[in-house]
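Asker:
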Amino acid sequence: MGRLSIRSHNKCKNHKEPSWALTKCFHHGSGRNVAMGISPEWNIDFSNLLIGHKFSQGAHSQIYYGIYKEEHVAFKFVKVGGNDQKGAPICLLETQFLREVTFLPRLQHQNVVKFVAAYKDTDFCCILTEYQQKGSLRLFLKTLESKPICLKRMVGFALEIARGMEYIHAKGVIHRDLKPENVLVDGDFHLKISDFGIACEASKCDSLKGTYRWMAPEMIKGKRYGRKVDVYSFGLVLWELVSGKVPFEDMSPIQVAVAVADRNLRPVVPSHCPHILSDLMKQCWDLKPEKRPEFWHVVRVLEQFDQLLLT
12 MGRLSIRSHN KCKNHKEPSW ALTKCFHHGS GRNVAMGISP EWNIDFSNLL
62 IGHKFSQGAH SQIYYGIYKE EHVAFKFVKV GGNDQKGAPI CLLETQFLRE
112 VTFLPRLQHQ NVVKFVAAYK DTDFCCILTE YQQKGSLRLF LKTLESKPIC
162 LKRMVGFALE IARGMEYIHA KGVIHRDLKP ENVLVDGDFH LKISDFGIAC
212 EASKCDSLKG TYRWMAPEMI KGKRYGRKVD VYSFGLVLWE LVSGKVPFED
262 MSPIQVAVAV ADRNLRPVVP SHCPHILSDL MKQCWDLKPE KRPEFWHVVR
312 VLEQFDQLLL T
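Each residue of the sequence shown is one higher than the last, beginning at 12 in the working numbering.
The following block contains the structure:
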């Protein structure tokens, strides 16, 4: 079976080509990826892929700008041969990859990032998604330097995240890691939820997953949980949109987990926050999951408030 190999940027770069057109970095033989957990129709056709500059890097992945079949894409590359340089076990990285390619193709909504194609080899795996020009919501908030977003845009952002999450939950999926880093901003300032590497079926979620600053107390405590953990995370994201700050930024992740689980600590709502948004975020991060609203209710509240801003 033919294998796809990778060569370094410097070795494969041709000075006569545009710097982004790294078409010769990837070569594949006549074999096809058949039994690597990906449906054949979603396999990347590398002959139609141009790979450009790297614009983001995670703990275990690198993300490049690319063009695939004339569509602008984000090319996420993860090496899975042995333990990676950060010490992450390969089984974990492969599991996250397979979750992404399991959930993303079936989630088609204007506020969820679009899946394009994927590939998995014995040494690496990669995913193509639509390219979002302005990066993550975290990056956008950082450029504001803690200055508040105008109220109309703030409500619009919150509404788009809530609509995306309402759809995701309707499909029986729990995201488990909703935070500004996993929400992307397109060229027209519309938001799209991304990164489904630790998502799960609503009926099969039982382990501790996510990021402590946005993690619901029941999950931190190791209790049974459901889709309301995403509602809790949304409450923290809404607080960030209002405040322009990172929740508990003066505390370590472990300190946050202990404070939330043992003392029911929540961020202080800014005094300038409209009462409608203040009440909503407090409902979302309520200690008791059953008291947190469903996302359809969050959408309704935000839509009504959005209409009030037009009058």
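Each residue gets a CB set at the ideal place from its N, CA and C atoms; glycine is no exception.
Among the candidates Thr140, Pro116, Met262, Asp241, whose CA atom is the shortest distance from the CA of alanine 213?
Answerer: If we check each option's Cα against that of alanine 213, Asp241 comes out closest.
Asker: Taking the alpha carbon of leucine 103 as the reference point, which residue from Ala70, His308, Leu288 has its own alpha carbon closest?
Answerer: Ranking the options by Cα distance to leucine 103, first place goes to Ala70.
Asker: Which same chain residues, not among the five before or five after proline 304, have their C-beta less than 6 Å away from its C-beta?
Answerer: The answer, listed in chain order, is Gln294.
Asker: If you measure between the beta carbons of valine 123 and tryptophan 53, is that distance less than 8 Å?
Answerer: Not in contact: valine 123 and tryptophan 53 (Cβ atoms no closer than 8 Å).
Asker: Figure out for me which residue from Gly167, Gln318, Leu152 has the closest Cα to the Cα of asparagine 193.
Answerer: Nearest of Gly167, Gln318, Leu152 to asparagine 193, Cα basis: Leu152.
Asker: Which ranges does the alpha helix (DSSP H) cover as unbroken runs of at least 4 residues, wholly within the segment 124-176, from first to last along the chain?
Answerer: You should have 148-154.
Asker: Taking its Cβ as the centre, do 16 or more other Cβ atoms sit within 10 Å of tryptophan 250, making it buried, or is it exposed?
Answerer: Tryptophan 250 is buried by the Cβ-count criterion.
Asker: With 16 other CB atoms within 10 Å as the buried threshold, where does threonine 140 fall?
Answerer: So threonine 140 counts as buried.
Asker: What's the C-alpha gap between glutamate 177 and tyrosine 243?
Answerer: Those two C-alpha atoms are separated by around 14 Å.
Asker: Contact defined as beta carbons within less than 8 Å: I believe glutamine 68 pairs with isoleucine 74. What is the distance between those atoms, to the nearest angstrom?
Answerer: Sure, about 7 Å apart at Cβ, within 8 Å.
Asker: Classify arginine 43 as helix, strand or coil using the three-state DSSP reduction.
Answerer: Note on arginine 43: pLDDT 44, under 50, position unreliable in the model; the coordinate value appears next. Residue state, collapsed to three classes: coil.
Asker: Can you list, in chain order, the residues of its chain with a C-beta nearer than 8 Å to that of asparagine 59? Leave out the 5 residues immediately preceding and following it.
Answerer: If we look at asparagine 59 and ignore the five residues flanking it on each side, its Cβ neighbours are Tyr79, Lys80.
Asker: Of the residues Ser289, Asp290, Trp296, which one's Cα is nearest the Cα of leucine 276?
Answerer: Leucine 276 has its Cα closest to that of Trp296, out of Ser289, Asp290, Trp296.
Asker: Comparing alpha-carbon positions, which option in Ala210, Leu247, Cys211 lies nearest proline 228?
Answerer: The shortest Cα separation from proline 228 among Ala210, Leu247, Cys211 belongs to Leu247.
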